[in-house]
Amino acid sequence: MDNITHSLVGLACAEAITAIKPELRKYSRPILLASLIANNLPDLDFAYTRITTSASGERIGQILHHRGHTHTLAFALPGAAILAALLRWLSGFKSLKSLNAPFGVLFFAAALGISTHVFADSWNNYGVHPFWPFWNSWIYGDSLFIVEPLIWAIGLPFAYFRFSSKFVRALIFTLLGGLLYLMVQYRATHWGSVALWLVSVVVSFKLWRNWFQGHRQQSTAWVLVLLLIPVFFLRSFSISMDQRTRLWLRHAFGTTVLDVSLTPLPLNPFCWTGTSVETDRTDYVARRFTVAFASWLVPASLCPSIFSSAKFTADLKPVTQSKALEFEKAGLFQWVGETRLPLERLRSFYDHNCEFSAVMKFYRVPFIKRQGAGQWIVGDLRYDRSEGRDFPEMIINDPPGKCPRFVPNWTPPREDLLKR
Ligand SMILES: [Zn+2]
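The sequence shown begins at 0 in numbering that gives the first Met the number 0 and counts up by one.
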């Protein structure tokens, strides 16, 4: 998730700790600081992604180390211990005396913060592998867009009443305004959802103002519940969408559906963008589409066109199967395209090319395209959003030069496709 959402979760957790244990209220400042930092700390992994590159300098580490080791429960304990020790040391300075709190209290707030960061990151289709080193497989939530405006609408007004500083309050309004601008600019939503969002912001401000007058501790419990409501709703939508989409794909193409990666559009549980991993007897097929949650109300053709009308890096061919086109007519799907590759080619490339086998530890919906003599461009259809190079796309040499170093041992999401 984005770092505003992580910070809001951090704020809510800090408030919850002092609400549950009122005797810790005298440490509310250091607890808040520990929780805010810990809820953002795992994303510092960007700092060392450069340690893994391909022979030609492609930054493979960007996809292998971001959401890597720092996004595991195993990191929560040492990470929290270091952060708590650092805060204790800082509180030794005279001007920072107000940060003083027992090590155990800081450690608890920090360990909780790192864990909730990993939990929040598990909500979207990027994935996390929290149980490394015991279980190294990716887990995908597939239920929230990377920035969900509804969470901001609930959390930012809460933060507004929690802090009286003019700077913080101005920042909150800037963030809400900036988000509104982005939603409109990137055509991520319909006007109707933007209007609904504005209403939810106003309602949220009104509710928090009333609750904060003398009920601050109860309001903390509410912010946690309210933050989790959209998450649980969207998760249950997502499970139902996943099952239905698999069924429809099987019906439309007669293939074996191995995986469907879904993400709802922001503020819009009716429209989901999806990619699929399918096999027929000899080929691997990946498709990209928009799928409607309730096509009788909002058909897929009316869904906002974000990420589905541009040109892509992958070689996407139009979907032409008659059953699939019938589904499109009925409003269930809007097909963007499909890419196909002989399964054997994918497997042998994986077996003999160490650069490709490294990136396959991240790719969930892989694609491959010839770039030139002995060169391939590879990527993940989930995040192929333009003709240019999107973040997971790499140029792979075949044969590769020296193999990349420090490749972590995440289980490849497409192990099902790669094993013979
Ligand atoms: Zn993260």
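We treat Cβ as the ideally placed atom computed from N, Cα and C, and that holds for glycine.
Subject >> Rounded C-alpha distance that separates residue 352 from residue 403 >> reply: In the sequence shown, the residue the question calls residue 352 occupies position 353. In the sequence shown, the residue the question calls residue 403 occupies position 404. Rounded to the nearest angstrom, the two C-alpha atoms are 11 angstroms apart.
Subject >> Collapsed DSSP secondary structure at residue 333 in the structure displayed >> reply: Locating residue 333 in the sequence shown gives position 334, counting from the first residue. In the displayed model, residue 333 falls within a strand according to three-state DSSP.
Subject >> Distance CB(residue 230)-CB(residue 122) smaller than 8 angstroms >> reply: On the sequence shown, residue 230 is found 231 positions in, with the first residue counted as 1. On the sequence shown, residue 122 is found 123 positions in, with the first residue counted as 1. It is a contact, given that the beta carbons lie within the stated cut-off.
Original post:
If you measure from the CB of residue 120, is any heavy atom of ligand 3 nearer than 7 angstroms?
Top reply: As presented, the structure is devoid of ligand 3, carrying ligand 1 as its sole ligands.
**OP:** Report yes or no: do three or more beta-carbon pairs, one from the segment 137–152 and one from the segment 96–105, lie closer than 8 angstroms?
**Re:** Verdict: no, contact absent.
Subject >> Touch test, the segment 105–122 against the segment 201–208, Cβ-Cβ under 8 angstroms, three pairs minimum >> reply: Too few Cβ pairs lie closer than 8 angstroms, so no.
Original post:
For the beta strand (DSSP E) that residue 269 lies in, which residues bound it at each end?
Top reply: For the purposes of this step, residue 269 is identified with residue 270 of the sequence shown, where counting begins at 1. That run of the beta strand (DSSP E) goes 267–278.
Subject >> Rounded separation between residue 406 and residue 63 - CA only >> reply: Residue 406 sits at position 407 when you count from the first residue of the sequence shown. Residue 63 sits at position 64 when you count from the first residue of the sequence shown. Computed Cα separation, rounded: 7 angstroms.
Original post:
Under the criterion of a Cβ to heavy atom distance below 7 angstroms, does residue 245 qualify as lining ligand 1?
Top reply: In the sequence shown, the residue the question calls residue 245 occupies position 246. In terms of side-chain proximity, the C-beta atom of residue 245 is found no nearer than 7 angstroms to any non-hydrogen atom of ligand 1.
**OP:** State the DSSP-derived secondary structure class of residue 253, mapped to helix, strand or coil.
**Re:** By 1-based counting over the sequence shown, the position of residue 253 is 254. In this structure, residue 253 counts as coil in the three-state DSSP scheme.
Subject >> Beta carbon of residue 112 nearer than 8 angstroms to that of residue 37 >> reply: Working through the sequence shown from its first residue, we reach residue 112 at position 113. Working through the sequence shown from its first residue, we reach residue 37 at position 38. Yes, they are a contact pair.
Original post:
residue 66: beta carbon under 7 angstroms from a heavy atom of ligand 1?
Top reply: Residue 66 sits at position 67 when you count from the first residue of the sequence shown. Yes.
Subject >> Run of the beta strand (DSSP E) containing residue 393, from where it starts to where it stops >> reply: If you number the sequence shown from 1, residue 393 lands on position 394. Unbroken beta strand (DSSP E) run through residue 393: 393–396.
Original post:
Near residue 60, which residues of its chain fall below 7 angstroms by C-beta distance, leaving aside the five closest residues on each side in sequence?
Top reply: Position 61 of the sequence shown, counted from the start, is the residue given in the question as residue 60. Closer than 7 angstroms at the Cβ level, and outside the excluded window around residue 60, lie 48, 49, 50, 51 and 52.
Subject >> Whole runs of the alpha helix (DSSP H) within the segment 316–380, excluding any shorter than 4 residues >> reply: With a minimum length of 4 residues, the continuous alpha helix (DSSP H) runs that stay inside the segment 316–380 are 321–328, 342–351 and 353–358.
Original post:
Which residues mark the beginning and the end of the beta strand (DSSP E) in which residue 415 is found?
Top reply: As a first step, residue 415 must be located in the sequence shown, where it is residue number 416. Careful: residue 415 lies outside any beta strand (DSSP E), inside the alpha helix (DSSP H) at 414–417.
**OP:** Let me know the secondary structure DSSP gives residue 261 once reduced to three states.
**Re:** What you label residue 261 is simply residue 262 of the sequence shown in a count that begins at 1. If DSSP states are grouped into helix, strand and coil, residue 261 belongs with the strands.
Original post:
Does any heavy atom of ligand 1 sit closer than 7 angstroms to the C-beta of residue 42?
Top reply: Reading the sequence shown from its first residue, position 43 is the one you call residue 42. Look at residue 42: its beta carbon is less than 7 angstroms from one of the heavy atoms in ligand 1.
Original post:
Is it buried or exposed for residue 333, if we count other Cβ within 10 angstroms and need 16 for buried?
Top reply: Locating residue 333 in the sequence shown gives position 334, counting from the first residue. Classification of residue 333: buried, given that the 10 Å Cβ count is 16 or more.
Original post:
So is the beta-carbon of residue 214 under 7 angstroms away from any non-hydrogen atom of ligand 1?
Top reply: The sequence position of residue 214 within the sequence shown is 215, counting from 1. Residue 214: no, Cβ never under 7 angstroms from ligand 1.
**OP:** Alpha carbon to alpha carbon, how far is residue 16 from residue 23? Give it in angstroms, no decimals.
**Re:** For the purposes of this step, residue 23 is identified with residue 24 of the sequence shown, where counting begins at 1. For the purposes of this step, residue 16 is identified with residue 17 of the sequence shown, where counting begins at 1. Whole-angstrom Cα-Cα distance: 8 angstroms.
**OP:** Tell me residue 286's beta-bridge partners as DSSP assigns them.
**Re:** Position 287 of the sequence shown, counted from the start, is the residue given in the question as residue 286. In the DSSP assignment, the residues bridged to residue 286 are 275 and 337.
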